[in-house]
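Colleague:
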Amino acid sequence: MAAIAAFALLATPLLALSADARRQRDVPLEVDKPASIRPWYRYKVDSQGSTWPQTDWKGFNSIALGNASPPVEGAPKTQLPIQGDAERGRNLAYDRARGGSCVVCHVMGKTTPAQPGNVGPDLSTVGAKRTDEWLFNYVYDPRIYNAGSIMPPWGAYKVFSLDEIRDIVAFLKTLREPYAIADKSENPNTRPPPVESRDNLDPTENPAMFALDRGKDVFKRNGSRGKSCASCHATPDTSFKTWAAHMPRFESRLNRVVGVEEFITRHARPTTGDEMPMQSDDNVALSIYLHNVADGAAIDPDVTSAGAKRAAANGRELMKRKIGQLNMACVDCHSNHANKWVRGQYLVQFKGTIAHFPTWRTSRGDIWDIRKRFQWCNVSVRANELPPDAREYGDLEMVLAVINKGEKINAPGIRH
Amino acid sequence: MQYIRRRLLKAIGGGAALMLAASAGILRTGHAFAAIWNKTGFDAKVPSDALKSLGADGAQPSKDITLTAPDIAENGAQVPVTVVSKVPNTQSISIIVDKNPFPLNSTFDFANGADSYVSTKIKMGQTSNVVAMVKADGKFFTATKEVKVTIGGCGG
Amino acid sequence: MAEPMKIRAKMEGDTADVKVLMSHPMETGQRKNDKGDLVPVHFIQIVTATHNGKTVLDAQWSQAIARNPFLGFRVKGAKAGDKITVSWTDTTGDKGSIDTTVAAA
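Take a look at the structure:
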């Protein structure tokens, strides 16, 4: 009796798996080591000289660390009327190195510099409409008046000192006249959204096509076990015609989501013997190859398993989590305020954003996989990034694949 | 020749790569340079000096030059620029970026049936006028376009 | 040690349209690497294009041509089957070269 029950217990999970899932379980995967470099450390500079900020933001939420950020408290009392230097305040409002800062989201009267954003309201007359105290409190921590604000808590999170906030308020008080931006391409409310018209698969246009060649070579190259990918996969152009379109997938042996890049790392180790950590040149090249083989295939992740459903649901929650010194969530920019301008850049919504990965980035001179894109977004809002194989990034990639279901793979991409 | 080349390379060291270029004429490894690199022009820090090095004092604007570049470039790392010259007997096209630290960007000389057409991608440090300068029949003509460089919202 | 290049030459009417992408860092000498050291100047200075062996284009480049530089040029009176060669020399004396045959329209 006990033996039969035990057998039934063992057999049931296998029988409950789909044919796909059973096939998946047969694929050799290394599951004990990390799939990226440890200890993880942040990039410093990309190939073209574009840098990554090096600050450790451990005092603020990351995508993984949910409760590090300071709680909402009131603003400190300040002497009224506000005494501050309006010119210093104006320089701070326009200083990109300090967080943007204000002009990333707001038009601010006749001194507004080039390419202001419009995520937030036009502040050109705010000095005539608001009290000193209101302005001070709002800049210190907008959540005092607007719990759902996406504006960073500039004072509470110590981006600006109290003196600097007083200077900014002094500047805001000078904004008393409406300001119409005549140039239609300067005015964020009339500027047409950018259109991507490059042929990303033209090898004379996209430097990532050199990496596609490299990926094809890596596929045929013998690893330390004397075998290549081609040793078992003789006809990749047919076998993998839609493979990348069904990634990422929930991998029960790791109990989390695995994308193409992590799969490459973990599958190569027990088969060819190649060590290709995520974001290494060989890994990126192979990822481009496998995505390119599936060019035109419709994104369609498998969400039938309980694990995949959990991952997608968790991904949705992670997209709403406020992180970083700038206190932002993915949805703030890419859902609630999509199709607006942050300074001179357009905020895209989630749908239509992943089918071109891995992508050449013209501003960085490098190819980015989707995990590097997440890492950069985190660092941009002044949150510590996670290693590329973080479980949370897998959840995010899964929910993005779900949102992008039906979009056709078109990789390698080329973007700013 | 190889001996001279080795001596020169030894003498030059790290910081004098541009000098290497200037003496390029004698560095023949069986492949002659048809063009001598315009060191004076490329070292010029203001557009007028760059134009002077090309002999282009008194260049006139011309509607026969079509300069195509984005109104707003997505970044300053690689801005696509295309120049088509319909000025008769065009000999060369140069690209100048007024506000770049070294305004002279490049020069293209045509021969043997080449169309007076060139397309490339340039670096721009900031919003600036881009000037296409054409030399035709020994005279100089220009077309100018302001190209704005995107200022990013979130650090990249 | 030539870096890879990509070239495509195609007839458009009576003109061959040629596009080339060269893999090259085009270092300005102003960039700092991971360790904080200045990366030395290293860029393509001279580009030459030939059509059936005759020089059609001589270009002088500065460090302000973009990384992984692109070049587009056209040759009037060319025909499908003609040979196009594009060669470059950089500040270290390194060279690269690629040739192709003009494809029909």
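Chains as they are written, first to last, in our numbering: chain A, 1 to 416; chain B, 1001 to 1156; chain C, 2001 to 2105.
Note that CB positions come from ideal geometry on N, CA and C, so glycine has one too.
What you are looking at is a predicted structure, and each value in this text was computed from that prediction instead of being measured.
Would you say the beta carbon of residue 2014 of chain C is closer than 7 Å to some non-hydrogen atom of the ligand ATP?
Modeller: No copy of the ligand ATP occurs in the structure displayed, which carries no ligand at all.
Colleague: Going by other Cβ atoms of all chains shown within 10 Å of its Cβ, with 16 needed for buried, is residue 164 of chain A buried or exposed?
Modeller: That one is buried.
Colleague: Hey, out of B:1098, B:1065, B:1140, B:1042, whose CA is closest to residue 1148 of chain B's CA?
Modeller: Minimum Cα distance to residue 1148 of chain B is reached at B:1098.
Colleague: Roughly how many whole angstroms lie between the Cα atoms of residue 85 of chain A and residue 1090 of chain B?
Modeller: Cα to Cα, residue 85 of chain A sits roughly 57 Å from residue 1090 of chain B.
Colleague: Taking any Cβ of chain C, which residues in the stretch 29-49 of chain A have a Cβ under 7 Å from it, in chain order?
Modeller: Those would be 44, 45, 48, 49, in chain order.
Colleague: Can you list, in chain order, the residues of the stretch 1099-1116 of chain B whose Cβ is nearer than 8 Å to any Cβ on chain C?
Modeller: From the stretch 1099-1116 of chain B, only 1100, 1102, 1104, 1105, 1106, 1107, 1108, 1109, 1110, 1111, 1112, 1113, 1114, 1115 have a Cβ closer than 8 Å to chain C.
Colleague: If you count every other CB in all the chains shown that lies within 10 Å of the CB of residue 2064 of chain C, and 16 or more means buried, which is it?
Modeller: Residue 2064 of chain C comes out buried.
Colleague: So residue 1080 of chain B is in the beta strand (DSSP E); what residue range does that whole segment cover?
Modeller: 1079-1085 is the extent of the beta strand (DSSP E) around residue 1080 of chain B.
Colleague: Any C-beta of chain C sitting closer than 8 Å to the C-beta of residue 219 of chain A?
Modeller: No, its Cβ sits nowhere closer than 8 Å to a Cβ of chain C.
Colleague: Using a Cβ-Cβ distance cut-off of 8 Å, determine whether residue 2056 of chain C contacts chain A.
Modeller: Judged by the 8 Å Cβ criterion, residue 2056 of chain C is not in contact with chain A.
Colleague: Who are the Cβ neighbours of residue 391 of chain A in its own chain at under 6 Å, not counting the five residues just before and after it?
Modeller: Result list for residue 391 of chain A: 256, in chain order.
Colleague: I want to see whether chain F comes within less than 8 Å of residue 2083 of chain C, judged by CB atoms only; does it?
Modeller: Of the protein chains in the structure, A, B and C, none is chain F.
Colleague: What does DSSP give as the partner residues of residue 2099 of chain C in its beta bridges?
Modeller: Per DSSP, C:2085.
Colleague: Quick one: is residue 1026 of chain B near chain A, going by C-beta distance under 8 Å?
Modeller: Here the model assigns residue 1026 of chain B a pLDDT of 34, short of 50, so the residue's position is not dependable, and the following value carries that caveat. Judged by the 8 Å Cβ criterion, residue 1026 of chain B is not in contact with chain A.
Colleague: Under a three-way DSSP split, which group does residue 1149 of chain B fall into?
Modeller: In the structure shown, residue 1149 of chain B sits in a strand (DSSP, three-state: E or B).
Colleague: Under 8 Å, Cβ to Cβ, is there at least one residue of chain C near residue 1042 of chain B?
Modeller: Closer than 8 Å: yes.
Colleague: Can you give me the C-alpha to C-alpha distance between residue 296 of chain A and residue 353 of chain A, rounded to a whole angstrom?
Modeller: Going by the C-alpha atoms only, they are around 15 Å apart.
Colleague: State yes or no: is the beta carbon of residue 2097 of chain C nearer than 8 Å to at least one beta carbon in chain A?
Modeller: So, not an interface residue.
Colleague: With a threshold of 8 Å between beta carbons, is residue 210 of chain A in contact with chain C?
Modeller: Interface residue, yes.
Colleague: Can you find the residues in the same chain that come closer than 6 Å, C-beta to C-beta, to residue 2100 of chain C, ignoring five residues on each side of it along the sequence?
Modeller: Same-chain partners within the cutoff: 2007, 2009, 2084.
Colleague: Considering residue 239 of chain A, what are the terminal residues of the alpha helix (DSSP H) in which it resides?
Modeller: Its alpha helix (DSSP H) spans residues 236-239.
Colleague: Count the other CB atoms, across all protein chains shown, that sit within 10 Å of the CB of residue 161 of chain A; report buried if there are 16 or more and exposed otherwise.
Modeller: The residue is exposed, with fewer than 16 neighbouring Cβ atoms inside 10 Å.
Colleague: Going by the DSSP bridge assignment, what does residue 1117 of chain B pair with across the sheet?
Modeller: DSSP, once it has assigned bridges, lists B:1084 as partnering residue 1117 of chain B.
Colleague: Closer than 7 Å by beta-carbon distance: list the chain C residues that pair up with residue 387 of chain A, in chain order.
Modeller: In chain order: nothing, as chain C lies at least about 18 Å away.
Colleague: Beta-carbon of residue 419 of chain A versus every beta-carbon of chain C: anything under 8 Å?
Modeller: A question about residue 419 of chain A goes unanswered here, because the residues of chain A that appear run from 1 up to 416.
Colleague: Go ahead and label residue 1015 of chain B buried or exposed: buried means 16 or more other beta carbons lie within 10 angstroms of its beta carbon, across all protein chains shown.
Modeller: At residue 1015 of chain B the pLDDT is 40, less than 50, meaning the model places this residue with poor confidence and gives no usable figure here.
Colleague: Work out the CA separation of residue 1065 of chain B and residue 322 of chain A for me, nearest whole Å.
Modeller: One C-alpha to the other measures close to 52 Å.
Colleague: Given 8 Å as the limit, is there contact between the stretch 298-317 of chain A and the stretch 142-160 of chain A, that is, 3 or more CB pairs closer than that?
Modeller: Verdict: no, contact absent.
Colleague: Give the residues from the stretch 2028-2055 of chain C that approach chain B closer than 7 Å (Cβ to any Cβ), ordered along the chain.
Modeller: Within the stretch 2028-2055 of chain C, the residues whose Cβ lies closer than 7 Å to some Cβ of chain B are 2040, 2041, 2045, 2046, 2048, 2051, 2054, 2055, listed in chain order.
Colleague: Less than 8 Å between the CB atoms is what I'm expecting for residue 2166 of chain C and residue 2075 of chain C, so what's the real figure, rounded?
Modeller: Since the first residue of chain C shown is 2001 and the last is 2105, residue 2166 of chain C is not available in this structure.
Colleague: What span of residues does the beta strand (DSSP E) with residue 279 of chain A cover, start to end?
Modeller: Counting along the chain, residue 279 of chain A falls outside any beta strand (DSSP E), and DSSP gives it neither H nor E.
Colleague: Sort out for me which residues DSSP pairs residue 2042 of chain C with in a bridge.
Modeller: In DSSP, residue 2042 of chain C forms a bridge with C:2027.
Colleague: To which residues of the same chain is residue 2091 of chain C closer than 7 Å at the C-beta, ignoring the five residues directly before and after it?
Modeller: Here the set comprises 2041, 2042, 2043, 2045.
Colleague: Just list the residues that DSSP pairs residue 1108 of chain B with in beta bridges.
Modeller: Note: residue 1108 of chain B sits in a beta bridge opposite B:1093, C:2059.
Colleague: Output yes if chain C places a C-beta closer than 8 Å to the C-beta of residue 1038 of chain B; else output no.
Modeller: Residue 1038 of chain B counts as touching chain C.
Colleague: Check whether the stretch 176-187 of chain A touches the stretch 91-103 of chain A, counting contact only when three or more Cβ pairs, one atom from each stretch, lie closer than 8 Å.
Modeller: Taking 8 Å as the limit for Cβ pairs, the verdict is that the stretch 91-103 of chain A does not touch the stretch 176-187 of chain A.
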